[in-house]
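Participant:
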Amino acid sequence: MEKQALEQLNQAVQVLLKDARTQVLAAMGQTLTIDEKTSRKDLVTNVDRSNENFLVQRLRQLDPQARILAEEGLGDQVETLAGHVWIVDPIDGTMNFVHQRNHFAMMIGLYIDGEPTLGYIYDVMADKLYAGGPIVGVTLNERPLPAPRDAPLAEGLFGASGPLLIHNKYQMQTIAQTSLGPRILGSAGVQISQVLAGELVGYLSYLRPWDFAAGRVLAESLGLVVSQVDGTPVNMLSSGAVLVATKSAQRAILAIVK
Ligand code: 2AM
Ligand code: CA
Ligand code: CA
Ligand code: CA
Numbered sequence: 001m002e003k004q005a006l007e008q009l010n011q012a013v014q015v016l017l018k019d020a021r022t023q024v025l026a027a028m029g030q031t032l033t034i035d036e037k038t039s040r041k042d043l044v045t046n047v048d049r050s051n052e053n054f055l056v057q058r059l060r061q062l063d064p065q066a067r068i069l070a071e072e073g074l075g076d077q078v079e080t081l082a083g084h085v086w087i088v089d090p091i092d093g094t095m096n097f098v099h100q101r102n103h104f105a106m107m108i109g110l111y112i113d114g115e116p117t118l119g120y121i122y123d124v125m126a127d128k129l130y131a132g133g134p135i136v137g138v139t140l141n142e143r144p145l146p147a148p149r150d151a152p153l154a155e156g157l158f159g160a161s162g163p164l165l166i167h168n169k170y171q172m173q174t175i176a177q178t179s180l181g182p183r184i185l186g187s188a189g190v191q192i193s194q195v196l197a198g199e200l201v202g203y204l205s206y207l208r209p210w211d212f213a214a215g216r217v218l219a220e221s222l223g224l225v226v227s228q229v230d231g232t233p234v235n236m237l238s239s240g241a242v243l244v245a246t247k248s249a250q251r252a253i254l255a256i257v258k
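Residue numbers (the UniProt record's numbering): 1 to 258.
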């Protein structure tokens, strides 16, 4: 796609996300319907579903030929990355949404023939929208976002996943000890946005495609690195332990994990 067309699409996606936020805030004033998916720690609400439906419909209007991979299953069956593929997480941090009514995000990523092209992480309650990609540039609430400093692991806070830290998977406790300290927030989207902003030097969690599709586009556009925890490339159609970090922190973490 040409730069001008991508810039228009970038503006349109930001408008649809603002509309989605208005609807989510309104729905938060009503009674939530909460269901367990695979366990008591894996929830879905009526707002996850209604917001996914809204995002999918609006993306279809913007990009009718595209295929859409969405967490709650209201998109398409996507088995290849050919052409335009939108990857959608309607509410990232559903547990926070239910129990804190805060610290959750909407996320959208666009991959064109597998290339990270546009990404959006919208921290709904903070009203912070991280948007853009390698061609259109990255903004926070429409202002250019500077690339974070290439800070080493030992000089920054590290974004942890609760389960990985508790069970010391991938030497997460050593990684946390080497850093200035671990931080656990419970939303991959919000934690990745903290890496974008230079508030964390890295984030490591077991993630599904919609948990890191948007963040990967934004992170790579800002000179951060996204890989599996063994340093191999991520695949947008599979789940794994995904590391988003500064180059320098990634080096230290890969040396700890190997
Ligand atoms: P979600 O809220 O969209 O499900 C903390 O739970 C973070 O990990 C959230 O970003 C959550 O996304 C994500 N996550 C990934 N896999 C999960 C799982 N099996 N159960 C709960 N959360 C999961
Ligand atoms: Ca979920
Ligand atoms: Ca998620
Ligand atoms: Ca979700």
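Where is the CB? At the ideal position from N, CA and C, for every residue including glycine.
Being a predicted model, the structure only gives us computed values, none of them experimental.
1. Met1 by DSSP, collapsed to three states: which one?
2. Quick one: what's Trp86 bridged to in DSSP?
3. Excluding the 5 residues flanking Glu36 on each side, which residues of the same chain have their C-beta closer than 7 Å to its C-beta?
4. State the beta-bridge partners of Pro116 as determined by DSSP.
5. Of the choices Ile68, Ser193, Val13 and Ala12, whose alpha-carbon is the least far from that of Pro146?
6. Which runs of the alpha helix (DSSP H), 4 residues or longer, sit entirely within the stretch 108 to 175?
7. Quick one: give me the first and last residue of the beta strand (DSSP E) that Gln228 is part of.
8. How would you call Arg216, buried or exposed, if buried means at least 16 neighbouring beta carbons within 10 angstroms?
9. Please go through the stretch 11 to 52 and give each complete beta strand (DSSP E) segment of 3 or more residues, from N-terminal end onward.
10. Report yes if the C-beta of Asp89 is less than 7 Å from at least one heavy atom of ligand 1; otherwise report no.
11. Which whole-angstrom value is the C-beta distance of Leu55 and Ala20, which I expect to be below 8 Å?
Facilitator: Once the coordinates are examined:
1. Position 1 of the sequence shown holds residue 1. Residue state, collapsed to three classes: coil.
2. Within the sequence shown, the letter at position 86 stands for residue 86. Answer is Ile68 and Leu110, bridged to Trp86.
3. Numbered from 1 along the sequence shown, position 36 holds the residue referred to as residue 36. If we look at Glu36 and ignore the five residues flanking it on each side, its Cβ neighbours are Asp42 and Leu43.
4. For the purposes of this step, residue 116 is taken as residue 116 along the sequence shown, with counting starting at 1. Note: Pro116 sits in a beta bridge opposite Tyr111.
5. Here residue 146 is taken as the residue at index 146 of the sequence shown, counted from 1. The shortest Cα separation from Pro146 among Ile68, Ser193, Val13 and Ala12 belongs to Ser193.
6. 162 to 166
7. Along the sequence shown, one-based indexing puts residue 228 at 228. Counting along the chain, the beta strand (DSSP E) containing Gln228 begins and ends at Val225 to Gln228.
8. By 1-based counting over the sequence shown, the position of residue 216 is 216. Under this definition Arg216 is a buried residue.
9. 34 to 39 and 42 to 45
10. By one-based count along the sequence shown, residue 89 stands at place 89. Because some heavy atom of ligand 1 lies under 7 Å away, the Cβ of Asp89 counts as near it: yes.
11. To locate residue 55, count along the sequence shown from 1; it is residue 55. To locate residue 20, count along the sequence shown from 1; it is residue 20. Rounded, the Cβ-Cβ distance is 6 Å, consistent with contact.
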